[in-house]
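Residue numbers (our numbering): 169 to 728.
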């Protein structure tokens, strides 16, 4: 991020001034600053002028299907700090310490609408049956139902996946399972309905009945629903997965270059969230403490796991885009009757599960319904980051999230937990093994370099024969390196080379590689940077792909 592009306007003035100086060519920008690595992105600009906007679902889909929105050369993600992690921001906030009880609870302590009559003010956007209500306390909720014939399908998926994405670090609404009866619902004063011609008319009780007619009804007359609490702040519409929001002065990184959006491909593949698009996101304007900023949320998860929101998901979901050339060409000689692998998958006949399984899941081949500009620009280090964060979710946390789905059949609950664990293991093997898997280097004051191996720990890879560390002095101003020495050993703890600097403020770079006959890529070193402090060494920089060339979208190495 380099300090918000060196504070942009201030930097422009500084450069203009420096160019007037004879020594301008000698001035350099340091690689690290005193506050590196930053833990939270400073969002200092006033965003109070941001205006709500509508994004055309059809136009956005067409552009992503047949165009190539976003930058055409893929470099390192720009939303990472100097140790290759995503710092907290209005896009993403790390929540590693959540307990299973906190995950099952959700985003907050809200348990849903208060008992009594609920005022219906608007029919839901999109194709799922639902509407907007206000309870007796004046709180706003968005209500969606299970499709007819598929009890617990969409509501269970939304309750589970919302909690998983919250645990992973994204901003999502609080969503709970609730039972609703027709007599609890009344038309709100002044509520209107949009007609097919584009005009509006007053909402009638029959409009509520029309929505409920498209919902699964229990034998006792009640309806199971997902009730999502209204998000804090003023709604501004969704965000796109390419470019920036022009009226948000803090939104300076192209969305396709955000690691939290590139890595979302891994998390979406895990839960088969094939519909991550602008319409399923929501920006809100947050005000407080004299500051206005935009927070970016993911919403609407009822079309995940085995659900399409309005019924069972299509068999090809997760396997092909809506429009793909090669499968179509292969089907032409057979007059369209070509058998594709996803056509032969057997899904469990379990209440609330739908078309979701793990045995045939291949993470590298997973596809959303429409190409996502951030997904197709995910580099191997972005996928590594996401896979590692996924593995940090314990089995107990995953079980807690599934319990929130309130499945009435214990077999369904157990199946879903096991499928998520199996898919998670496949993701670990797919993305933690191909790169040098060294993580979390620590240099002790007594001269010991320790680190972990994510592929061995999480993906079941065999431990390498040994590790190698090449030590350099590092000039933070010029970037020059000066070789000190090399140390080697069989374990992930190596002695430091002699001759390390001792004065506070000095830097070193350590290139760490492994000797693994099974994985040649592990011999490509990662770079770890340490700064000497009075109390010892501090990790201030880490690069998993230090010499990676620019790539084309889709992970194809670009021509020189």
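Note that CB positions come from ideal geometry on N, CA and C, so glycine has one too. Computed from a prediction, not measured in an experiment: that's the story for all the values here.
Would residue i pass as a contact of residue j if the rule is Cβ separation under 8 Å?
{"i": "residue 430", "j": "residue 489", "result": "no"}
{"i": "residue 645", "j": "residue 198", "result": "yes"}
{"i": "residue 545", "j": "residue 238", "result": "yes"}
{"i": "residue 201", "j": "residue 434", "result": "no"}
{"i": "residue 687", "j": "residue 711", "result": "no"}
{"i": "residue 355", "j": "residue 251", "result": "no"}
{"i": "residue 523", "j": "residue 480", "result": "yes"}
{"i": "residue 485", "j": "residue 442", "result": "yes"}
Should residue i go down as buried or exposed, given a rule of 16 or more other Cβ atoms within 10 Å for buried?
{"i": "residue 632", "result": "buried"}
{"i": "residue 322", "result": "buried"}
{"i": "residue 257", "result": "buried"}
{"i": "residue 651", "result": "exposed"}
{"i": "residue 704", "result": "exposed"}
{"i": "residue 177", "result": "Because residue 177 carries a pLDDT of 43, less than 50, the predicted location of this residue cannot be relied on, and no value is offered for it."}
{"i": "residue 364", "result": "exposed"}
{"i": "residue 330", "result": "buried"}
{"i": "residue 273", "result": "buried"}
{"i": "residue 279", "result": "exposed"}
{"i": "residue 580", "result": "buried"}
{"i": "residue 291", "result": "buried"}
{"i": "residue 208", "result": "exposed"}
Measure the beta-carbon distance from residue i to residue j and round it to whole angstroms, keeping in mind my assumption that it falls under 8 Å.
{"i": "residue 454", "j": "residue 400", "result": "7 Å"}
{"i": "residue 225", "j": "residue 447", "result": "5 Å"}
{"i": "residue 396", "j": "residue 343", "result": "4 Å"}
{"i": "residue 559", "j": "residue 464", "result": "Residue 559 to residue 464, Cβ: 25 Å. No contact."}
{"i": "residue 483", "j": "residue 513", "result": "7 Å"}
When the Cα atoms are used, what is the spatial distance from residue i to residue j?
{"i": "residue 529", "j": "residue 706", "result": "41 Å"}
{"i": "residue 700", "j": "residue 247", "result": "26 Å"}
{"i": "residue 223", "j": "residue 418", "result": "20 Å"}
{"i": "residue 451", "j": "residue 466", "result": "9 Å"}
{"i": "residue 585", "j": "residue 566", "result": "7 Å"}
{"i": "residue 380", "j": "residue 444", "result": "26 Å"}
{"i": "residue 311", "j": "residue 714", "result": "48 Å"}
{"i": "residue 271", "j": "residue 649", "result": "46 Å"}
{"i": "residue 206", "j": "residue 254", "result": "10 Å"}
{"i": "residue 192", "j": "residue 697", "result": "In this prediction, residue 192 has a pLDDT of 42, which is less than 50 and means its spatial position is unreliable; nothing more can be read from the coordinates."}
{"i": "residue 349", "j": "residue 393", "result": "10 Å"}
{"i": "residue 709", "j": "residue 647", "result": "13 Å"}
{"i": "residue 587", "j": "residue 474", "result": "11 Å"}
{"i": "residue 404", "j": "residue 459", "result": "17 Å"}
{"i": "residue 478", "j": "residue 438", "result": "21 Å"}
{"i": "residue 402", "j": "residue 457", "result": "16 Å"}
{"i": "residue 204", "j": "residue 427", "result": "18 Å"}
{"i": "residue 306", "j": "residue 421", "result": "37 Å"}
{"i": "residue 233", "j": "residue 227", "result": "10 Å"}
{"i": "residue 540", "j": "residue 666", "result": "49 Å"}
From this set, the options, which residue's C-alpha is nearest residue i's C-alpha?
{"i": "residue 547", "options": "274, 717, 260", "result": "717"}
{"i": "residue 283", "options": "346, 564, 290", "result": "346"}
{"i": "residue 215", "options": "470, 427, 414", "result": "414"}
{"i": "residue 571", "options": "327, 612, 340", "result": "327"}
{"i": "residue 637", "options": "389, 219, 603, 611", "result": "611"}
{"i": "residue 469", "options": "421, 539, 364, 338", "result": "338"}
{"i": "residue 678", "options": "619, 614, 719, 672", "result": "619"}
{"i": "residue 575", "options": "232, 520, 390, 245", "result": "520"}
{"i": "residue 702", "options": "680, 306, 669, 682", "result": "669"}
{"i": "residue 299", "options": "362, 689, 553, 623", "result": "362"}
{"i": "residue 436", "options": "564, 554, 373, 721", "result": "554"}
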